[in-house]
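Notes follow the structure.
In the working numbering, the protein residues as written are 22 to 241.
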């Protein structure tokens with residue numbers, strides 16, 4: 022099958038000839054598509070559109086982001102049969118190369134996909150935030166709240182809001198009510214730590230605690 026929309030073809034050609042920046046210097050694109058560019062997901066959707074239709078025709082439940090595909094099956098045996106069919110389909114009919122090292126049959130509870138983890142609750146699949154994604158968020162917050170990064174209070178506040186809002190928006194499909202409470206407490210403890218260390222003098226701590234609403238006895 023071919024793309025008949027001339028505007029799409031023209032756009033693809035322009036991207037392929039656009040070149041790349043390496044170390045601040047322009048270089049011509051001799052082959053391939055720059056990783057992370059906007060053209061990659063477009064080409065992925067074009068090439069894998071037929072695969073989507075094939076999976077729908079066979080009644081499979083699946084999710085795909087660019088070229089990252091996950092197919093849900095009811096049993097290990099069903100998953101193995103599906104993989105035996107879909108890999109040859111991708112390679113022989115769509116002429117795509119499948120990364121065999123990343124292609125596997127796995128239990129849903131052990132899978133990580135776009136930062137999400139999965140679990141079964143009352144016979145239904147549910148979303149959760151994968152533990153590695155939580156560790157990555159904590160690393161980002163530690164970096165912003167660290168004493169040696171040279172950021173001012175307002176800059177730290179702005180950066181923290183950007184990180185946390187973006188993270189929560191990305192994982193809005195996950196069950197994370199308790200996790201958000203834990204992360205809120207952990208983040209606030211980090212903020213209290215850097216604030217306390219900024220108030221180096223006893224008198225400064227006393228005055229600031231009074232401004233925060235504490236009485237003199239508790240402030241001392």
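Glycine residues also receive a C-beta, built at the ideal position from the N, C-alpha and C atoms.
Would you kindly check if the distance between the Cβ of residue j and the Cβ of residue i is under 8 angstroms?
i	j	result
residue 153	residue 133	yes
residue 138	residue 126	no
residue 168	residue 107	no
residue 69	residue 88	yes
residue 162	residue 184	yes
residue 135	residue 72	no
residue 128	residue 75	no
residue 60	residue 36	yes
residue 142	residue 130	no
residue 205	residue 148	no
With residue i as the anchor, note down where its alpha helix (DSSP H) starts and where it stops.
i	result
residue 73	60–78
residue 4	Because the chain spans 22 through 241 in this model, residue 4 falls outside it and cannot be assessed.
residue 197	That residue, residue 197, is in no alpha helix (DSSP H); it is neither H nor E in DSSP.
Starting from residue i, trace the beta strand (DSSP E) both ways and give me its first and last residue.
i	result
residue 84	82–86
residue 27	No beta strand (DSSP E) holds residue 27; the alpha helix (DSSP H) holding it covers 27–37.
If you reduce the DSSP assignment to three classes, tell me which class residue i lands in.
i	result
residue 135	coil
residue 145	strand
residue 92	strand
residue 150	strand
residue 240	Unreliable placement is indicated for residue 240, whose pLDDT of 46 sits below 50; no coordinate value is reported for it.
residue 24	coil
residue 110	helix
When burial is assigned at 16 or more other CB atoms within 10 Å of the CB, is residue i buried or exposed?
i	result
residue 194	exposed
residue 192	buried
residue 46	exposed
residue 79	exposed
residue 23	exposed
residue 165	buried
residue 188	buried
residue 174	exposed
residue 155	buried
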